[in-house]
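Engineer:
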Amino acid sequence: MYASTAGAAATRSCRLTQQRRPLCAVINDMDIDRFFALGPDASIQANDVFTDREQYIAAFHERLLAHCSRSWSTADLMDFQRPLRNVMAVVGEGGIGKSTMVRHLASLTVQGEPAALPGNRATATVDFANVSSLSFETVLLRVRAALGGLGKSWPAFDIALALYWERKHPGESVVTFLRRSSEAGEAMTSMRTSEQISSALDEFLGGFGMFSLGYQLAQMAGRKAARSAALRRIRRELPAFDLLIDERDPDRMLGYLPVLLGYDLEQIRQRTPTLAVCVLDTFEHVQMLPAERNGLEDLIVRMTYLMPNVFFIVASRRPLLWHDAVRSVGLMYGGHLRWPGLGETSGLGDQFQLDGFDEAAAERYLLDRLTRDGQPAIPEVIRRRIIASSGGSPHYLKLSAGLFEQIAARGEEPVVTLFGRPFPELLLRVMRDLSTEDRDLLRAAALLDAFDENLLAAVVPQARGRQIESFLRRRFIEREDEAWPPYRLHENLRKGVADCDGHTPDGWTTAERRRNLLRATAYLEDLVLSVWNPDDNSPVRPEELSRRSVSAFLLALHAAREHGVLPPGLGQMLYTLRELGHWQVMASLPECGEEAPPDLRRLTAVARLNGLAGLNADERYEQMKAAAGEPTRGAYSEYVRYELGNLAYFVGKIEDSERHFASIASDPSPIGAGAQYGLASNALRHSRFTHTVRMTAKPPFRSKVEQMRATNMLGRVELYNARFEQAADLFEAALAQAREVDAPLWAARTSRSLALACVWFDPGRALALLLQARELNNTLGEMVGLAQCHTAAALAHALRGEWQEVDSDLDRARCGFEAVGAEFELGPVPPIDILLRVAQGRTAEALAETRRLTDAERAGRRLAPPAWAAVSALWVDRPDWFDFDTIDWIEPATARDRWLAPLTRLLGTLRA
Numbered sequence: 020m021y022a023s024t025a026g027a028a029a030t031r032s033c034r035l036t037q038q039r040r041p042l043c044a045v046i047n048d049m050d051i052d053r054f055f056a057l058g059p060d061a062s063i064q065a066n067d068v069f070t071d072r073e074q075y076i077a078a079f080h081e082r083l084l085a086h087c088s089r090s091w092s093t094a095d096l097m098d099f100q101r102p103l104r105n106v107m108a109v110v111g112e113g114g115i116g117k118s119t120m121v122r123h124l125a126s127l128t129v130q131g132e133p134a135a136l137p138g139n140r141a142t143a144t145v146d147f148a149n150v151s152s153l154s155f156e157t158v159l160l161r162v163r164a165a166l167g168g169l170g171k172s173w174p175a176f177d178i179a180l181a182l183y184w185e186r187k188h189p190g191e192s193v194v195t196f197l198r199r200s201s202e203a204g205e206a207m208t209s210m211r212t213s214e215q216i217s218s219a220l221d222e223f224l225g226g227f228g229m230f231s232l233g234y235q236l237a238q239m240a241g242r243k244a245a246r247s248a249a250l251r252r253i254r255r256e257l258p259a260f261d262l263l264i265d266e267r268d269p270d271r272m273l274g275y276l277p278v279l280l281g282y283d284l285e286q287i288r289q290r291t292p293t294l295a296v297c298v299l300d301t302f303e304h305v306q307m308l309p310a311e312r313n314g315l316e317d318l319i320v321r322m323t324y325l326m327p328n329v330f331f332i333v334a335s336r337r338p339l340l341w342h343d344a345v346r347s348v349g350l351m352y353g354g355h356l357r358w359p360g361l362g363e364t365s366g367l368g369d370q371f372q373l374d375g376f377d378e379a380a381a382e383r384y385l386l387d388r389l390t391r392d393g394q395p396a397i398p399e400v401i402r403r404r405i406i407a408s409s410g411g412s413p414h415y416l417k418l419s420a421g422l423f424e425q426i427a428a429r430g431e432e433p434v435v436t437l438f439g440r441p442f443p444e445l446l447l448r449v450m451r452d453l454s455t456e457d458r459d460l461l462r463a464a465a466l467l468d469a470f471d472e473n474l475l476a477a478v479v480p481q482a483r484g485r486q487i488e489s490f491l492r493r494r495f496i497e498r499e500d501e502a503w504p505p506y507r508l509h510e511n512l513r514k515g516v517a518d519c520d521g522h523t524p525d526g527w528t529t530a531e532r533r534r535n536l537l538r539a540t541a542y543l544e545d546l547v548l549s550v551w552n553p554d555d556n557s558p559v560r561p562e563e564l565s566r567r568s569v570s571a572f573l574l575a576l577h578a579a580r581e582h583g584v585l586p587p588g589l590g591q592m593l594y595t596l597r598e599l600g601h602w603q604v605m606a607s608l609p610e611c612g613e614e615a616p617p618d619l620r621r622l623t624a625v626a627r628l629n630g631l632a633g634l635n636a637d638e639r640y641e642q643m644k645a646a647a648g649e650p651t652r653g654a655y656s657e658y659v660r661y662e663l664g665n666l667a668y669f670v671g672k673i674e675d676s677e678r679h680f681a682s683i684a685s686d687p688s689p690i691g692a693g694a695q696y697g698l699a700s701n702a703l704r705h706s707r708f709t710h711t712v713r714m715t716a717k718p719p720f721r722s723k724v725e726q727m728r729a730t731n732m733l734g735r736v737e738l739y740n741a742r743f744e745q746a747a748d749l750f751e752a753a754l755a756q757a758r759e760v761d762a763p764l765w766a767a768r769t770s771r772s773l774a775l776a777c778v779w780f781d782p783g784r785a786l787a788l789l790l791q792a793r794e795l796n797n798t799l800g801e802m803v804g805l806a807q808c809h810t811a812a813a814l815a816h817a818l819r820g821e822w823q824e825v826d827s828d829l830d831r832a833r834c835g836f837e838a839v840g841a842e843f844e845l846g847p848v849p850p851i852d853i854l855l856r857v858a859q860g861r862t863a864e865a866l867a868e869t870r871r872l873t874d875a876e877r878a879g880r881r882l883a884p885p886a887w888a889a890v891s892a893l894w895v896d897r898p899d900w901f902d903f904d905t906i907d908w909i910e911p912a913t914a915r916d917r918w919l920a921p922l923t924r925l926l927g928t929l930r931a
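The sequence shown maps to residues 20 to 931 in my numbering.
Structure (structure tokens):
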């Protein structure tokens, strides 16, 4: 198997030509302490070793030959019932060498010289032990970036990706993102990908797409199609292209984008023989997530199926069940007919059980792993003891060789009896051989699935920076620069560290481990809650901080489940994610089993319900109340009460909402500030406008996010008071603030509010704004936002004299509000409907609808905020139905004239 250090020694059976690296290259990779202890002429050299996997290499080579011999026409790519054999799954227990195996196969693809394979080759590697890889968007970006070197142009995929990105991440183009981020891979790969995408936009869209918003890019794509022969050919040959670029929901769009990447790859293969391989490592992390449509495994299966010209190598502790009749129910492209090789048991199938090394292979590994002057450094007697106890585990062999090297690095002679212990004892020996400081750092590293140097410093504050740097260079530390956090331990090693503590004199007690875990999660909490800091001193860009917040929360949640602890800041972290608009993360949280603490189960259940925006709001509210139990008790009760208050507000149960918000509004935390905002929103819905302004103007609206919310709230007050231009200015400022802090949820809300404000004085501008607002709200599943957009469109068309559009817009708005069970919305249909009927002279209909609103208000069954009942009575000239002056207007002396102005304008439009 491979170790993770310098040098190379491959078996002769590999179809690969490699040379041993010179000593200077070994020195460059050497641990600094080891270098200065032994000097540049150190006699022991550590080598990368791969052995005893000839049958898998032969099978891989055979499959690649068959894979390369097949070409895929566009009709083949569009056949979504075809059987497919482009997967090789390597399955085995932890520590058996799966990751080493698949990564070696990938290296053979690129660096070796397998006979009869194309010279134009590339490999993409996605490791799902990296938390950021649990986002399909990241997976697809990494695959696209890794394959980019195979050809100069990927027009179909890159144009669609740019459209997707503008809809999903407004304010930053995918080109800019790739130039500034390591999310897609190393810097040079990201830069090449950004340049290719930029070139595609320049060629097909005249360069305009780089700087436009999604709807502008879509419009430009349509106009350029008439002039671009290549784009015309793509649209003619590939019916999926137009369908995807016309899809307004970026989340639906994302799952099918791989078909365009497969199409572009096939164009390259037609010109030049080409081989593309993709490694999906530690796939069991994906298989542990909820098995459902649009879940991560479903999206990965779609990518694999829609790119039949890419060969996928999967490493997992669990067999793939894409062919299984039960599992395939949750997959878009599942079933035995599509994946016949996964269920094959005759030895000719696509799944390979990886076993441990036999005795000869283990001997070869230890002979080559450490050498002294070109000869084996580990004596035969020690090798025999190691092999006898290893059970064939490559991980055991690697740790044993590392222990030998560790002792030899100190100039000591390794004692025979230290070797050949059972795995826990071996690990114990490794730990005892570390310094006291390094043992504590190893224990800290083992607390979470991943870590960085700052987390280690938080858990072990007495450790010096140099000690942490030296520890991070140890051979058992795995590093992936594209991930955050970038460091982790092998899972077997991580799990074994705690077991060893009871046998070391300075081991952590259970209480110490829990206390140190809370230090680790406190570090993650501080990182996430830095979103709420009022200063600009953070070294991390807002968009990067937003992505890291997701990883930090998932790490803390998994640690809480694993160790049975309740990090106090977990609820605040989850609230921050919701405010940043990470709904999909919440909806796809793994369900906690019965072994998890009840408060943790309640937290995840409430969060999952909050993320299920497609479920009727009334039904969600009842389910959330059942999941919450007694909301004022237990850990994370502030978060639970906030979500209950927010959902009660949404369905029009204002008294329930106020009760929940009031119970946490005094809490000095982001949730407490959010509850104060919720109370201000409730005051607005009661049409207590001056009270709303007073509540909004008081602390704690200090951070940029809180300033943005306050600005948005003041804009809503101005809108309700028919001060439309002032409202538009405030919404425009709030939208700029939302983009600055990378809060897509608030960008969606303020964009639709801006359109609602502009529609009363500049309907043409409102219609232009609605294109973007619809995209943003559709992206985040803000169904109420879409309904408000339809309401604004109806009024805009009416004010422009385009009455043929009005009824259909209002019908769509009604359906949207009814579908989600929303009440009391900012742009409700009935008052706008009344205004339009009065203007059209349909007086009886307008009177009946107004009477319904005002009667419901008097009976305590409000159908809209009181201000709308007052304005509706004003428009139909029935002051006896509702006293306009009872409303707490801003500048009440002119409020009546301000609200009559739209009716006057509509009447003028009709006369014209």
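Ideal Cβ placement from N, Cα and C applies to all residues, glycine included.
Since the structure is predicted, the reported quantities are computational estimates derived from the model, not experimental observations.
(1) How big is the Cα-Cα spacing for R458 and L475?
(2) Please go through the segment 821 to 890 and give each complete alpha helix (DSSP H) segment of 4 or more residues, from N-terminal end onward.
(3) Assuming V129 and R140 make a contact with CB atoms under 8 Å, what is their CB distance in whole Å?
(4) Please classify L929 as buried or exposed, where buried requires at least 16 neighbouring CB atoms within 10 angstroms.
(5) Quick one, which of A883, A914 and D907 has its alpha-carbon nearest L893's?
(6) Going by DSSP, what residues sit across from S335 in a beta bridge?
(7) In its own chain, which residues sit with a C-beta less than 6 Å from the C-beta of D283, not counting the 5 before and 5 after it?
(8) Touch check for the segment 809 to 818 and the segment 775 to 784: three-plus C-beta pairs under 8 Å?
(9) Look up C519 in the DSSP assignment and say whether it is helix, strand or coil.
(10) Between G349, M307 and A571, which lies nearest to R337 when the distance is taken from Cα to Cα?
(11) So, with DSSP's three-state summary, where would you put Q481?
(12) Can you give me the Cβ contacts of Y542 inside the same chain, cut-off strictly under 6 Å, excluding the 5 residues immediately before and after it?
(13) Can you name the residues that DSSP bridges to N139?
(14) Less than 9 Å between the beta carbons of S891 and T869, yes or no?
(15) Below 6 Å CB to CB, which residues in the same chain sit around L7 once its five sequence neighbours on both sides are set aside?
(16) Can you check whether the CB of A811 is closer than 9 Å to the CB of V778?
(17) Express the C-alpha separation of R483 and R498 in angstroms, rounding to a whole number.
(18) By Cβ distance below 7 Å, which residues in the same chain neighbour V848 in space, the five residues on each side in sequence not counted?
(19) Do P847 and the ligand SAH come close, with the Cβ less than 8 Å from some heavy atom?
(20) How many Å lie between T923 and N796 at the Cα?
(21) Just list the beta strand (DSSP E) runs in the segment 268 to 318, keeping only unbroken ones of 3 residues or longer that don't cross its boundaries, in chain order.
(22) In terms of alpha-carbon separation, which member of A181, S152, T144 and L749 lies closest to L166?
(23) To which residues does DSSP link L937 through a beta bridge?
(24) Tell me the DSSP secondary structure of R713 in three-state form.
(25) Look at E456 and E472 and say whether their C-beta atoms are less than 9 Å apart.
(26) Rank L385, V345, S88 and G411 by C-alpha distance to the C-alpha of I401 and give the top, closest one.
(27) Take S607 and list the residues in its own chain whose beta-carbon comes closer than 7 Å to its own, dropping the five residues that flank it on each side.
(28) Is the Cβ-Cβ distance between Y594 and Y661 less than 9 Å?
(29) Assuming contact is defined by CB atoms lying nearer than 9 Å, are G648 and E614 in contact in what I supplied?
(30) Go ahead and pull the three-state DSSP assignment for Q603.
(31) Using C-beta distances below 6 Å, list every residue in its chain close to L546, excluding the 5 sequence neighbours before and after it, in chain order.
(32) Could you name the residues of the same chain whose beta carbon sits closer than 7 Å to that of I253, not counting the 5 residues immediately before and after it, in chain order?
(33) Could you tell me the alpha carbon to alpha carbon distance between G664 and R639, rounded to whole angstroms?
(34) Any idea what DSSP makes of T323, helix, strand or coil?
(35) Using only alpha-carbon positions, find the residue among V895, G879 and D874 that is nearest to G933.
(36) Short of 6 Å in beta carbon distance, which residues of its chain neighbour F901, apart from the five on each side in sequence? Order them along the chain.
Structural biologist: In short, the structure shows the following:
(1) Their Cα atoms are separated by approximately 12 Å.
(2) The segment 821 to 890 contains these whole alpha helix (DSSP H) runs: 825 to 839, 848 to 858 and 862 to 877.
(3) Taking the Cβ atoms as the reference, V129 lies roughly 6 Å from R140, within the contact range of under 8 Å.
(4) That one is exposed.
(5) Of the listed residues, the one whose Cα sits closest to L893 is A914.
(6) The partner list for S335 (beta bridge, DSSP) reads V110.
(7) Correct list, in chain order: W173, A175 and F176.
(8) The answer is yes - the segment 775 to 784 touches the segment 809 to 818, with three or more Cβ pairs under 8 Å.
(9) In this structure, C519 counts as helix in the three-state DSSP scheme.
(10) When each option's Cα is compared against that of R337, the closest is M307.
(11) DSSP, read as helix, strand or coil, puts Q481 in coil.
(12) Result list for Y542: L474 and A477, in chain order.
(13) For N139, the pairing in a beta bridge is given by DSSP as T293.
(14) Contact: yes.
(15) Summary: the structure shown does not reach residue 7, with the chain confined to residues 20 through 931, and so no result is reported for it.
(16) Their beta carbons are under 9 Å apart, which means V778 touches A811 by this criterion.
(17) Distance between the alpha carbons of R498 and R483: 21 Å.
(18) Excluding positions up to five away in sequence, the list reads T810, L829, A832, R833 and F836.
(19) Ligands are entirely absent from the displayed structure, and the ligand SAH is therefore not among its contents.
(20) T923 and N796: Cα-Cα distance of roughly 32 Å.
(21) Every beta strand (DSSP E) stretch that sits fully inside the segment 268 to 318 and reaches 3 residues is listed by chain position as 293 to 300.
(22) The shortest Cα separation from L166 among A181, S152, T144 and L749 belongs to T144.
(23) Since the first and last residues shown for the chain are 20 and 931, residue 937 lies out of range.
(24) In the displayed model, R713 falls within a helix according to three-state DSSP.
(25) Contact: no.
(26) Considering only alpha carbons, the answer is L385.
(27) Taking S607 as the centre and dropping the five residues before and after it, the same chain places the C-beta of L308, P309 and G314 closer than 7 Å to its C-beta, in chain order.
(28) Cβ distance < 9 Å, so Y594 and Y661 count as in contact.
(29) Cβ distance not < 9 Å, so G648 and E614 don't count as in contact.
(30) Helix at Q603.
(31) So the qualifying residues of the chain are A571.
(32) Closer than 7 Å at the Cβ level, and outside the excluded window around I253, lie P174, A175 and F260.
(33) The straight-line gap from Cα to Cα measures roughly 13 Å.
(34) Helix, per DSSP.
(35) Not covered by the structure: residue 933. The range shown for the chain is 20 to 931.
(36) Around F901: T873, A888, A889 and A892.
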